[in-house]
Amino acid sequence: MTGRKVKLAFIANDCARRASYRRRKKSMLKKIEELSTLCGVEACAIVYSSFDQEAQIWPSESGVQNVVEKFRTMPEWKKHKMGNQESVMEKSIMKGKRKIAKLEEENKEMEITMFMFQCLDTTRVQPQQNMTLADLNLLSSVIEQKLNDVSRRLDLTDVTEVPYQPQIHTFVDTNLKL
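What follows is the structure, encoded as structure tokens:
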């Protein structure tokens with residue numbers, strides 16, 4: 755049984771705002787009680803509002819004091835492990851950034867590999883205008899990696915005879931600006 759979506763906006767009508775506050779407060783306190791009962795955790799709530807003179811507490815003043823005191827006496831490393839919404843979001847953002855960096859690296863290597871195969875496909879290599887020195891170094895390392903992979907495969911198959919390999923002529927453009 756799901757509730758309808760709650761519109762999170764300021765309610766201009768004072769009477770409607772107060773009624774909404776009371777409903778939401780009652781619902782929140784009920785959920786805290788359910789969590790405490792069903793999950794066997796100690797929980798408390800302190801609710802301040804401009805509608806009430808005093809803060810409303812749950813379960814009781816002594817219960818709240820016990821929970822707060824247990825939290826304060828808890829070792830620092832346990833408090834640190836608990837986390838909050840901000841730390842969860844920071845971890846999620848960092849994880850996403852690492853994933854993006856990894857994908858960018860994989861895409862760059864794939865582009866260089868595709869360029870390498872394009873160079874092998876033509877008889878005359880035309881250097882790309884926008885390749886930097888770092889790109890050329892990466893191309894060199896990709897070529898070395900592919901050659902090592904081929905050598906490893908040849909070693910695994912115990913090929914004693916090397917098949918015919920056409921000679922590859924490379925074209926070096928001396929006017930290439932880096």
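Residue numbers for the sequence shown follow the working numbering, beginning at 755 and rising by one.
Backbone N, C-alpha and C fix where the C-beta goes; we use that ideal spot for every residue, glycine too.
Counting along the chain, residue 800 sits inside the beta strand (DSSP E) bounded by residues 799 to 801. Apart from the 5 residues on each side of it in sequence, residue 772 sits with its Cβ closer than 7 Å to the Cβ of 805 in its chain, given in chain order. Contact annotation: residue 799 and residue 782 have beta-carbon atoms nearer than 9 Å. Ranked by Cα distance from residue 884, the options 869, 875, 874 are led by 869. For residue 802, the CB contacts under 7 Å within the same chain, skipping 5 residues up- and downstream, are 809 in chain order.
Beyond the five residues adjoining it in sequence on each side, residue 776 comes within less than 6 Å, by CB distance, of no other residue in the same chain.
If only complete runs of 3 or more residues are kept, the segment 806 to 870 shows the beta strand (DSSP E) at 810 to 812, in order along the chain. For residue 804, there is no enclosing alpha helix (DSSP H), as DSSP marks it with neither H nor E.
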